[in-house]
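If you want my numbering, it's the position in the sequence shown, counting the first as 1, plus 236.
Structure record follows, encoded as structure tokens.
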Amino acid sequence: MSSDKTEEFAIEVNDLSKCYPIFSRPSDRLKQLLIRGRKRYYKEFWALNGISFTIRRGETVGIIGRNGSGKSTLLQMICGTLNPTAGEIRVNGRVAALLELGAGFNPEFSGVENVYMAASLYGLSKEEVDQRFAAIANFADIGDYIHQPVKTYSSGMYVRLAFAVIAHVDADILVVDEALAVGDAVFTQKCMRFIRAFKEKGTLLFVSHDMASVRNLCERAMWLDCGGVRLQGTAKDVSEEYLKYTLQQVYGENIKLQTIDVEKERQLSGCVEAQVIEGRSSIDYRGELSVENNLCAANGWKTGAGELTHVEFGLADPRKILSGPLAGGELVKVGIHAVAHQDLERPILGFIVRDKLGQDLFGENTLSFTQRNPLRFNAGGHFKAEFVFRLPMLPNGDYSVMVSLADGDLVNHVQHHWLHDAIILKVSSSDVRWGLVGAEIKGIELRAL
237 MSSDKTEEFA
247 IEVNDLSKCY
257 PIFSRPSDRL
267 KQLLIRGRKR
277 YYKEFWALNG
287 ISFTIRRGET
297 VGIIGRNGSG
307 KSTLLQMICG
317 TLNPTAGEIR
327 VNGRVAALLE
337 LGAGFNPEFS
347 GVENVYMAAS
357 LYGLSKEEVD
367 QRFAAIANFA
377 DIGDYIHQPV
387 KTYSSGMYVR
397 LAFAVIAHVD
407 ADILVVDEAL
417 AVGDAVFTQK
427 CMRFIRAFKE
437 KGTLLFVSHD
447 MASVRNLCER
457 AMWLDCGGVR
467 LQGTAKDVSE
477 EYLKYTLQQV
487 YGENIKLQTI
497 DVEKERQLSG
507 CVEAQVIEGR
517 SSIDYRGELS
527 VENNLCAANG
537 WKTGAGELTH
547 VEFGLADPRK
557 ILSGPLAGGE
567 LVKVGIHAVA
577 HQDLERPILG
587 FIVRDKLGQD
597 LFGENTLSFT
607 QRNPLRFNAG
617 GHFKAEFVFR
627 LPMLPNGDYS
637 VMVSLADGDL
647 VNHVQHHWLH
657 DAIILKVSSS
667 DVRWGLVGAE
677 IKGIELRAL
């Protein structure tokens, strides 16, 4: 493996292969050592076989494929923890990776000791780790457990500490495997914010079985199959071909999936009188939604000129008592309370709802109201904004509500307090299956033509 800072590529792989000897019996391994290659007592398994590709600096590339396709083997060789049998890898820059759960940690060491050990493997000196340790511990947010042996950690705590380290080693290339799936909603949001910020300056390799995540995060994708590169291209094209392939495995080899010729399909030869086979006047897409106030533990920043003090999320009708989970489609209210520590000429309060990938789904702020009716608050003044809206139907999963306090107008404003994950929303039992949010379908009819 070599590194050349003058090159434009981040990773270059040429005719890369990795072979593992598979022995039927333990004694065959001993025989192989004794005869020194004069006879073969093993079968060869090629985890990777002659793959080549180039990833340019600043690219975000998704790596997809079934279990056993060679993804983990490839990533380990890129990270330098596994040597190839043949071929060459050239890596231009520092690589930080979150691969197998707990990889690189000594289970007998404490979290603190593992932070120093892991950071040193990425090339940081003890003095550099000393300077960054507080930020690493704050990012991991595992409390006093950081002083305990990591063998006592849950899988989520492993991931928290491992990701906190790679987020603070000034990596040029970031490799993220499926390990993030074990994190909770708040930590996953924190990681996705870091990943999106990292994309602006570095190279990202993202390994996932979730095609929506690959399309959302990645520009290009590479599909590995049986140790080779089956397809490279845009994330959209590769993920669609992969989905077609997986459906083919479900439907059977005798069913051929074809791309639709839209113009040909439009040329209908005729039709018969419509006959309703099945119809529904309305569909209930609502799912149960639980609300968790996370304001006390929310991450963010503030200038000190103003402060968000309370956030509420509930039913808009004060006559109704929220005795259980909310349902999609309900009329709800988001209330944001704040206090001015300095004079605020044009305060703006707002919120954004994000999905598990950190995508902004919807939100609003008071800017349009304050532009027409400027409100000034002196230091010490308390104020509140309420947003009433019909809650969209959301697919199952975890969501977060970001809230903010600013001062100014559309062109010139200053963010004084910004809090991620102030509210955590958990949706279950939802019939919304496609897209980011569900539309309120009023009726569906199936007719014979």
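Cβ coordinates follow ideal geometry from the N, Cα and C atoms, glycine included.
This one's a predicted model, so the numbers in the text were calculated from it and none came from an experiment.
Alpha carbon to alpha carbon, how far is residue 584 from residue 606? Give it in angstroms, no decimals. As a first step, residue 606 is located in the sequence shown; it is residue number 370 there, counting from the start. As a first step, residue 584 is located in the sequence shown; it is residue number 348 there, counting from the start. The straight-line gap from Cα to Cα measures roughly 7 Å.
Grouping DSSP H, G and I as helix and E and B as strand, with all else coil, what is residue 185? Lying outside 237 to 685, the shown extent of the chain, residue 185 is not represented and no answer is given.
For a quick check, are the C-beta atoms of residue 297 and residue 407 less than 9 Å apart? For this step, residue 297 is matched to residue 61 along the sequence shown. For this step, residue 407 is matched to residue 171 along the sequence shown. Not closer than 9 Å, so no.
Cβ separation of residue 400 and residue 431, assumed to be a contact under 8 Å, to the nearest whole Å: For the purposes of this step, residue 400 is identified with residue 164 of the sequence shown, where counting begins at 1. For the purposes of this step, residue 431 is identified with residue 195 of the sequence shown, where counting begins at 1. No, residue 400 and residue 431 are not in contact; Cβ-Cβ is about 14 Å, not under 8 Å.
N- and C-terminal bounds of the alpha helix (DSSP H) containing residue 315: Mapped onto the sequence shown, residue 315 falls at position 79. Per DSSP, residue 315 belongs to the alpha helix (DSSP H) from 307 to 315.
Touch test, the stretch 362 to 370 against the stretch 387 to 400, Cβ-Cβ under 8 Å, three pairs minimum: no
Which residue's Cα is closest to the Cα of residue 358: 381, 377, 317? Reading the sequence shown from its first residue, position 122 is the one you call residue 358. When each option's Cα is compared against that of residue 358, the closest is 317.
On the criterion of 16 or more Cβ atoms from any shown chain inside 10 Å, does residue 257 qualify as buried, or is it exposed? Position 21 of the sequence shown, counting from 1, holds the residue named residue 257. Flag for residue 257 reads exposed.
Using a 10 Å radius around the Cβ and a threshold of 16 neighbouring Cβ atoms, would you call residue 485 buried or exposed? Looking up residue 485 in the sequence shown gives position 249. It is exposed - the Cβ of residue 485 has fewer than 16 other Cβ atoms within 10 Å.
Taking the alpha-carbon positions, what's the residue 668 to residue 629 distance? Position 432 of the sequence shown, counted from the start, is the residue given in the question as residue 668. Position 393 of the sequence shown, counted from the start, is the residue given in the question as residue 629. Spanning the two alpha carbons is a distance of roughly 7 Å.
Going by the beta-carbon positions, is the gap between residue 282 and residue 305 smaller than 9 Å? What you label residue 282 is simply residue 46 of the sequence shown in a count that begins at 1. What you label residue 305 is simply residue 69 of the sequence shown in a count that begins at 1. Cβ atoms of residue 282 and residue 305: not closer than 9 Å.
Quick check on the DSSP output: what are the complete beta strand (DSSP E) runs of length 3 or more inside the stretch 419 to 497, in order along the chain? 439 to 443, 456 to 461, 464 to 470
Taking 7 Å as the limit between beta carbons, can you name the residues of its chain near residue 355, skipping five residues before and five after? Position 119 of the sequence shown holds residue 355. If we look at residue 355 and ignore the five residues flanking it on each side, its Cβ neighbours are 365, 401, 405.
Nearest candidate by alpha-carbon position, reference residue 461, set 286, 291, 644: The count along the sequence shown starts at 1 and reaches residue 461 at position 225. The shortest C-alpha separation from residue 461 is found at 286.
Considering residue 295, what are the terminal residues of the alpha helix (DSSP H) in which it resides? Position 59 of the sequence shown holds residue 295. Here residue 295 belongs to no alpha helix (DSSP H), and DSSP marks it neither H nor E.
Rounded to whole angstroms, what's the CA-CA distance from residue 482 to residue 424? Just pull it up for me. In the sequence shown, the residue the question calls residue 482 occupies position 246. In the sequence shown, the residue the question calls residue 424 occupies position 188. So the alpha carbons of these two residues sit roughly 27 Å apart.
Can you list, in chain order, the residues of its chain whose CB lies under 6 Å from that of residue 474, leaving out five sequence neighbours each side? Counting from one through the sequence shown, the residue named residue 474 turns up at place 238. Once the five neighbours on either side are set aside, the close Cβ partners of residue 474 are 457, 459, 467.
Which stretch, first to last residue, makes up the beta strand (DSSP E) that contains residue 583? Translated into positions along the sequence shown, residue 583 becomes position 347. First-last of the beta strand (DSSP E) with residue 583: 583 to 590.
In angstroms, rounded to a whole number, what distance separates the CA positions of residue 246 and residue 454? Within the sequence shown, the letter at position 10 stands for residue 246. Within the sequence shown, the letter at position 218 stands for residue 454. One C-alpha to the other measures close to 16 Å.
Nearest CA to the CA of residue 593: which residue from 351, 449, 377, 609? Within the sequence shown, the letter at position 357 stands for residue 593. Taking only the C-alpha atoms, the option nearest residue 593 is 449.
DSSP beta-bridge partners of residue 633: Residue numbering aside, residue 633 sits at position 397 when the sequence shown is read from its first letter. The partner list for residue 633 (beta bridge, DSSP) reads 663.
Starting from residue 244, follow the beta strand (DSSP E) in both directions and report where the run begins and ends. One-based indexing of the sequence shown puts residue 244 at position 8. Residue 244 -> no beta strand (DSSP E), and no H or E assigned at all.
Residue 552 to residue 572, Cα distance in whole Å? Taking the first residue of the sequence shown as position 1, residue 552 is located at position 316. Taking the first residue of the sequence shown as position 1, residue 572 is located at position 336. Taking the straight line from one Cα to the other gives about 14 Å.
Alpha-carbon to alpha-carbon, residue 617 and residue 446: As a first step, residue 446 is located in the sequence shown; it is residue number 210 there, counting from the start. As a first step, residue 617 is located in the sequence shown; it is residue number 381 there, counting from the start. Cα to Cα, the separation comes out at about 47 Å.
Is the beta carbon of residue 671 sitting closer than 9 Å to the one on residue 621? Counting from 1 along the sequence shown, the entry for residue 671 is found at position 435. Counting from 1 along the sequence shown, the entry for residue 621 is found at position 385. Contact: no.
Given this structure, state the Cα-to-Cα distance separating residue 267 from residue 279, to the nearest angstrom. As a working note, residue 267 is residue 31 in the sequence shown. As a working note, residue 279 is residue 43 in the sequence shown. Computed Cα separation, rounded: 14 Å.
Sequence-distant residues of the same chain with beta carbon closer than 7 Å to residue 633, five excluded per side: Counting from one through the sequence shown, the residue named residue 633 turns up at place 397. Around residue 633: 591, 592, 663.
What whole-angstrom Cβ distance do residue 658 and residue 637 have, given they're in contact under 8 Å? For the purposes of this step, residue 658 is identified with residue 422 of the sequence shown, where counting begins at 1. For the purposes of this step, residue 637 is identified with residue 401 of the sequence shown, where counting begins at 1. That belief holds up - the Cβ atoms of residue 658 and residue 637 are roughly 6 Å apart, short of 8 Å.
If distances are taken between C-alpha atoms only, which option among 537, 476, 315 comes closest to residue 410? Position 174 of the sequence shown, counting from 1, holds the residue named residue 410. It is 315.
Which of helix, strand or coil DSSP assigns to residue 344: Within the sequence shown, residue 344 is the residue found at index 108, counting from 1. Three-state result, residue 344: coil.
Please classify residue 383 as buried or exposed, where buried requires at least 16 neighbouring CB atoms within 10 angstroms. Working through the sequence shown from its first residue, we reach residue 383 at position 147. It counts as exposed.
Looking at the secondary structure, which residues open and close the alpha helix (DSSP H) in which residue 265 lies? The count along the sequence shown starts at 1 and reaches residue 265 at position 29. It spans 262 to 271 - the alpha helix (DSSP H) in which residue 265 sits, taken as one unbroken run.
Using a 10 Å radius around the Cβ and a threshold of 16 neighbouring Cβ atoms, would you call residue 540 buried or exposed? As a first step, residue 540 must be located in the sequence shown, where it is residue number 304. So residue 540 counts as exposed.
Less than 9 Å between the beta carbons of residue 565 and residue 608, yes or no? Along the sequence shown, one-based indexing puts residue 565 at 329. Along the sequence shown, one-based indexing puts residue 608 at 372. Their beta carbons are not under 9 Å apart, which means residue 565 does not touch residue 608 by this criterion.
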